[in-house]
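Working notes, structure below.
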Amino acid sequence: MELKVYNNYNDLSAAAAEIIIDCVKSKPDALLCFATGDTPKLAYQMVAEKVVKENIDFSKCFMIGLDEWMGISPENTGSCHWFLHEYLFKPVNIDLSQVHLFDAFAKDEEAECKKMNKLIAANGIDLMVVGVGMNGHIGFNEPGTDIESLAHVAILDETTKTVGQKYFRDKVSIEKGITVGLKQVMQAEKLLVMANGKKKAPVIKRVVEEHLNTDFPASLIQVHKNSLLMIDDEAASELKTETR
Ligand code: PGA
Numbered sequence: 045m046e047l048k049v050y051n052n053y054n055d056l057s058a059a060a061a062e063i064i065i066d067c068v069k070s071k072p073d074a075l076l077c078f079a080t081g082d083t084p085k086l087a088y089q090m091v092a093e094k095v096v097k098e099n100i101d102f103s104k105c106f107m108i109g110l111d112e113w114m115g116i117s118p119e120n121t122g123s124c125h126w127f128l129h130e131y132l133f134k135p136v137n138i139d140l141s142q143v144h145l146f147d148a149f150a151k152d153e154e155a156e157c158k159k160m161n162k163l164i165a166a167n168g169i170d171l172m173v174v175g176v177g178m179n180g181h182i183g184f185n186e187p188g189t190d191i192e193s194l195a196h197v198a199i200l201d202e203t204t205k206t207v208g209q210k211y212f213r214d215k216v217s218i219e220k221g222i223t224v225g226l227k228q229v230m231q232a233e234k235l236l237v238m239a240n241g242k243k244k245a246p247v248i249k250r251v252v253e254e255h256l257n258t259d260f261p262a263s264l265i266q267v268h269k270n271s272l273l274m275i276d277d278e279a280a281s282e283l284k285t286e287t288r
C-alpha cells in the first residue's frame, strides 16, 4: 500500500481525478468501480469538468457502482444511483449501456449479485475508487465480512445506519445494503482509497497502523497488490510520524 498525504481536500480530489482520467486514457475500455459518498464527490465533479473541457473520450469504458441501499429508489437524492448519475454519468454524457448499478429493489437478491459477479469476473476491475466508513467498512463490507466474499446483500451495521442518514433529506429506514465483495475489492487491479477531514483521522490511524483484521475491513488494503491511500492533512493528523 502506498500512502499519499495532500494539503487539503481540493488537492486530494484533483489528484484522484487525474488517476481516474489516466486510467481511461491508457485503457479506453477499462472497467471502473465507483463508490459514492461525501469523500469522492469533488473528484468526480473534477473528472466531469475535465472530460468535457478537454474532450476526453469516455465512450468505451464501463462503470459499475460499488454499492446501494436496498429499498431506496434511484430517484432519491440519497441513493448511490442518483449520486453517480448526478455527479458523473450525466455530466460526462455516459451512455446507460456503459453502466451497471445494483437494483435496490431486486426481488431475487442472489440473482442480482450473480449479475455483478459475472460482469466483474468477465472483465476484471481496472480501477476501484472507494472511501472508508467510520466503522472501517468499504462499500457495505461491514465489520466481520468474510474476506472471500463476492457481491452480497449485507445487514447494515448500526454505525452505517446512523451515519448514512446524512445522505438523505428525510429520515429513512435503511437496514440492508448490496455491495461488491471484499474479494473483488482485493482483486481490483488498482485500488484507490480516499479519506478527508478530521473525523476520519482515527479511522485512518486504524487503516494504516492496525494489524489486518476483517473486524476493520479497510485494514486489508495494507496488503492489496496495488492500493493507494490518498488522504488530506486532517485525516492524516493522528498517524504516527513514522507511518506518515
Ligand atoms: P463518506 O462515506 O465518503 O460520506 O465519508 C464513506 C463510506 O461510508 O464509505
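Position 20 of the sequence shown, counting from 1, maps to 64 under this note's numbering, and the rest follow consecutively. Don't be surprised by glycine CBs; every beta carbon is placed ideally from N, CA and C.
Three-way DSSP call (helix, strand, coil) for residue i in this model
| i | result |
| --- | --- |
| Phe106 | strand |
| Ser281 | coil |
| Lys215 | coil |
| Leu20 | This structure cannot settle anything about residue 20, because the visible part of the chain is limited to 45 through 288. |
| Thr83 | coil |
| Asn161 | helix |
| Met274 | strand |
| Thr204 | helix |
| Ile248 | helix |
| Glu192 | coil |
| Thr287 | helix |
| Met90 | helix |
| Glu233 | coil |
| Glu186 | coil |
| Lys220 | strand |
| Glu46 | strand |
| Ile65 | helix |
Close beta carbons around residue i, own chain, < 7 Å, minus the five adjacent residues each side
| i | result |
| --- | --- |
| Met45 | Ile265, Gln266, His268, Ser271, Leu273 |
| Phe127 | Thr80 |
| Glu119 | Trp126 |
| Met114 | Ala148, Val197, Lys220, Gly221, Ile222 |
| Gln34 | Residue 34 cannot be examined here, being either before or after the span of the chain that is shown, 45 to 288. |
| Lys205 | Ile218 |
Own chain, CB closer than 8 Å to residue i, minus 5 neighbours either side, in chain order
| i | result |
| --- | --- |
| Ile275 | Leu47, Lys48, Val49, Tyr50, Leu56, Met238, Ala239, Asn240, Lys244, Ile248 |
| Leu200 | Phe184, Glu186, Gly208, Ile218, Glu219, Lys220, Gly221 |
| His144 | Phe106, Met107, Ile108, Gly109, Lys159, Met160, Leu163 |
| Ile191 | Leu226, Lys227, Met230, Thr258, Leu264 |
Minimum Cβ-Cβ distance from residue i to chain B less than 9 Å
| i | result |
| --- | --- |
| His181 | Looking at the structure shown, chain B is missing, and only one protein chain is on hand. |
Which residues DSSP lists as bridging residue i, in chain order
| i | result |
| --- | --- |
| Phe78 | Gly109, Val173 |
| His125 | Looking at the DSSP assignment, His125 forms no beta bridge with any residue, so it has no partner. |
Sequence-distant residues of the same chain with beta carbon closer than 6 Å to residue i, five excluded per side
| i | result |
| --- | --- |
| Leu75 | Phe106, Asn167, Ile169, Asp170 |
| Tyr88 | Tyr131, Leu132 |
Euclidean distance between Cα positions of residue i and residue j
| i | j | result |
| --- | --- | --- |
| Gly208 | Val174 | 16 Å |
| Leu256 | Lys284 | 17 Å |
| Ala150 | Glu156 | 6 Å |
| Gly221 | Leu132 | 22 Å |
| Tyr53 | Glu130 | 20 Å |
| Pro261 | Ala59 | 24 Å |
| Ala165 | Lys159 | 10 Å |
| Tyr211 | Ala279 | 21 Å |
| His181 | Glu202 | 12 Å |
| Lys340 | Leu194 | Residue coverage of the chain in this structure runs from 45 to 288, which leaves residue 340 outside it and unanswerable. |
| Ala61 | Cys124 | 19 Å |
| Val176 | Arg250 | 11 Å |
| Lys69 | Glu233 | 16 Å |
| Asn179 | Gly188 | 11 Å |
| Glu254 | Ser281 | 16 Å |
- Whose beta carbon lies closer than 5 Å to any heavy atom of the ligand PGA, going through the chain in order? Gly81, Asp82, Thr83, Gly175, Gly177
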